[in-house]
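Asker: I am attaching a structure below and will ask some questions about it afterwards.
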Amino acid sequence: MQSEKMMILKMLQDGKINAEEAARLLAQTEGVTPPSIPAPRVTTDAPRSNSPTAPTSAVDGMGKKFSEFAKSVEPKIKKAAEVVVSKTASAAESISKSLSSHGSKSSSYEPPTSSIGSQTAAPSPKPAAKTGGVEEVIEIKVTEGGAELNLSGLNGQVLVKGYNGDKISAKIFTIAKRAGAKAALTTLGNKYYLSFDENDFDRVCIDAFVPETMFNNIKITTINGDLSLATVDATHVFIENMNGQTEVVGVNTENLTVESNNGHLALKDVVAKNATVENFNGAMSISKVDIGILKANTFNGAIDMQVATLNAHDNYTWNIETGNGKLHLVLPTYTTIGYNIKAHAALDAVKLGLVSMDYARNEKSFVEAKSANYNSALKKVDMELSTSNAPLVIN
Numbered sequence: 036m037q038s039e040k041m042m043i044l045k046m047l048q049d050g051k052i053n054a055e056e057a058a059r060l061l062a063q064t065e066g067v068t069p070p071s072i073p074a075p076r077v078t079t080d081a082p083r084s085n086s087p088t089a090p091t092s093a094v095d096g097m098g099k100k101f102s103e104f105a106k107s108v109e110p111k112i113k114k115a116a117e118v119v120v121s122k123t124a125s126a127a128e129s130i131s132k133s134l135s136s137h138g139s140k141s142s143s144y145e146p147p148t149s150s151i152g153s154q155t156a157a158p159s160p161k162p163a164a165k166t167g168g169v170e171e172v173i174e175i176k177v178t179e180g181g182a183e184l185n186l187s188g189l190n191g192q193v194l195v196k197g198y199n200g201d202k203i204s205a206k207i208f209t210i211a212k213r214a215g216a217k218a219a220l221t222t223l224g225n226k227y228y229l230s231f232d233e234n235d236f237d238r239v240c241i242d243a244f245v246p247e248t249m250f251n252n253i254k255i256t257t258i259n260g261d262l263s264l265a266t267v268d269a270t271h272v273f274i275e276n277m278n279g280q281t282e283v284v285g286v287n288t289e290n291l292t293v294e295s296n297n298g299h300l301a302l303k304d305v306v307a308k309n310a311t312v313e314n315f316n317g318a319m320s321i322s323k324v325d326i327g328i329l330k331a332n333t334f335n336g337a338i339d340m341q342v343a344t345l346n347a348h349d350n351y352t353w354n355i356e357t358g359n360g361k362l363h364l365v366l367p368t369y370t371t372i373g374y375n376i377k378a379h380a381a382l383d384a385v386k387l388g389l390v391s392m393d394y395a396r397n398e399k400s401f402v403e404a405k406s407a408n409y410n411s412a413l414k415k416v417d418m419e420l421s422t423s424n425a426p427l428v429i430n
């Protein structure tokens, strides 16, 4: 039965059936044919289901089971389809924009070594003599607090680290398409940014040290390269990366937004009031964070979340979802913390390892439970967790 479900989801992803048709086929694997969903129109090259239609008595007997199954699975299928379409379109547009005129140049140079995952300072981008790449050191003083920082790369890595100072010190590595093209670190009012025309460059890489506490808004983006932001304190932080690993470490902010795809996404030592974290085609690791309102989801990847302490907030609301990957949480179990958990593994099992829990529902694929001390706990954590095609484990 599991292989049939995987085949149906693969047909959905390939566009051979729509979401409602997928829901009907999934229902048939449970031995039920829902009368409210029209018969699927499968393309000629797609596998067809041979499952017989259940008699009326079977439908009546399993009505409750199918109702819960359809309500939970069909929205996930529709959401997965929407994510695939929107993310694929976005990726195609961005990649086309940056690479359409590169031709053979895109394979004529080697990328600089990434520092993602290391404990030392990020290495500077190195020029490749055979390509005519240029490396410059640019410095600019930040004159007052509350400024805005906007750094973008192109077909290369962007590495940004905060330090106790008042200057932006950046090494910029570029490969230009035309003579005289410049990438300049500049300021406009209270905004500090790297200025360049992406049509003039094959590649722009950044390795920068920035004042850690002087920016109100920080925006860091790149495409086709690794991205790392570390040790900054700002009100708003926005990270966007396409086709590369992403790392956010030692960031303190009120609002954090991370959008990435086609690479591993790591959050570590992050303190935030609100955080929205999305990844597509990549795993996500979250460790030593203290985030009040967290929305995290990934598609085609697992999420591993390990939290040691919760100090910054009294109330926590977490909504964490994976598609085609395991969801694993390791949580602190101090008596001052109470959990309210709703966990659903659409096509697998939920394993809740916390002790002293009162269960409202305790089924193989759906668990709803509260800590016995939830009402009196100083710290309250409300969680909605979901996975598909993989287990959901809470320890």
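For reference, each letter of the sequence shown is one residue, going 36 to 430 in the numbering used here. Heads up, the beta-carbon is just placed ideally off N, CA and C, and yes, glycines get one too.
1) Please report how far the alpha carbon of Ser230 lies from the alpha carbon of Glu289, in whole angstroms.
2) Count the other CB atoms, across all protein chains shown, that sit within 10 Å of the CB of Asp232; report buried if there are 16 or more and exposed otherwise.
3) Which word fits Arg59, buried or exposed, when buried means at least 16 other C-beta atoms lie within 10 angstroms of its C-beta?
4) Using 7 angstroms as the threshold, is the C-beta distance between Asn234 and Ala182 below it?
5) Return the chain-ordered ranges of every alpha helix (DSSP H) run that is complete within the segment 221-300 and spans a minimum of 4 residues.
6) Which whole runs of the beta strand (DSSP E) in the segment 350-411 are 3 residues long or more, in chain order?
7) Using the C-alpha atoms, what's the distance from Val365 back to Gly388?
8) According to DSSP, is Leu413 part of a helix, a strand, or is it coil?
9) Using DSSP's beta-bridge definition, name the partner residues of Thr333.
10) Indicate the three-state DSSP secondary structure (helix, strand or coil) for Glu179 in the structure shown.
11) Does the beta-carbon distance from Glu282 to Thr256 come in below 7 angstroms?
12) Give me whichever residues DSSP pairs with Leu302 in a beta bridge.
13) At the level of alpha carbons, what is the spacing between Gly191 and Gly197?
14) My guess is that Lys377 and Met418 are in contact by the Cβ rule of under 8 angstroms, so how many angstroms apart are they, rounded?
15) Can you check which of these residues, Asn359, Leu189, Lys217, is closest to Ile258 by C-alpha distance?
16) Under a three-way DSSP split, which group does Ile43 fall into?
17) CA-CA distance, Asn185 and Lys330?
18) By Cβ distance below 7 angstroms, which residues in the same chain neighbour Asp80 in space, the five residues on each side in sequence not counted?
19) How many whole angstroms separate the CB atoms of Val177 and Ile203, which I take to be in contact at a CB cut-off of 8 angstroms?
20) Indicate whether His379 and Ser421 have their beta-carbon atoms separated by less than 7 angstroms.
21) Hey, out of Lys414, Ala425, Val342, whose CA is closest to Asp304's CA?
22) Please report how far the alpha carbon of Ser406 lies from the alpha carbon of Asn350, in whole angstroms.
23) Please check if any C-beta of chain B sits within less than 7 angstroms of the C-beta of Ile328.
24) DSSP three-state call for Leu345: helix, strand or coil?
25) Excluding the 5 residues flanking Gly285 on each side, which residues of the same chain have their C-beta closer than 6 angstroms to its C-beta?
26) Quick one: is Gly180 buried, meaning 16 or more other Cβ sit within 10 Å of its Cβ, or exposed?
27) Measure the alpha-carbon distance for His348 versus Ala301 and round it to whole angstroms.
28) Should Phe244 go down as buried or exposed, given a rule of 16 or more other Cβ atoms within 10 Å for buried?
29) To the nearest angstrom, how far is it from the Cα of Ala345 to the Cα of Arg213?
30) Quick one: grab the DSSP three-state call for Ala214.
31) For Asn309, which residues from the same chain have a beta carbon less than 6 angstroms from its beta carbon, with the 5 sequence-adjacent residues on both sides left out?
32) Opposite Asn185 in the DSSP bridges: which residues?
33) Determine the closest residue to Ile175 out of Thr222, Thr368, Glu356, with distance taken between C-alpha atoms.
34) Put Ala205 into one of helix, strand or coil per three-state DSSP.
35) CB-CB under 6 angstroms to Asn316, same chain, minus the five flanking residues each way: which ones, in chain order?
36) Should Ala205 be labelled buried (16 or more other beta-carbon atoms within 10 Å of its own) or exposed?
Answerer: According to the data block:
1) 27 angstroms
2) exposed
3) buried
4) no
5) none
6) 350-358, 362-365, 372-380, 385-387, 392-397, 401-406
7) 9 angstroms
8) coil
9) Asn314, Thr357
10) coil
11) no
12) Val283, Ile321
13) 20 angstroms
14) 7 angstroms
15) Leu189
16) helix
17) 24 angstroms
18) Because the pLDDT at Asp80 is just 41, under 50, the model does not fix this residue reliably, and the value given afterwards should be weighed accordingly. None.
19) 6 angstroms
20) yes
21) Val342
22) 15 angstroms
23) Note that chain B does not occur in the displayed structure, where there is just one protein chain.
24) coil
25) Ala265, Thr266, Asp304
26) exposed
27) 22 angstroms
28) buried
29) Before going on, a small fix: residue 345 reads as Leu here, not Ala. The alpha-carbon atoms of Leu345 and Arg213 are separated by roughly 52 angstroms.
30) coil
31) Asn290, Ile328
32) Tyr228, Lys254
33) Thr222
34) strand
35) Asn296, Asn297, Asn335
36) buried
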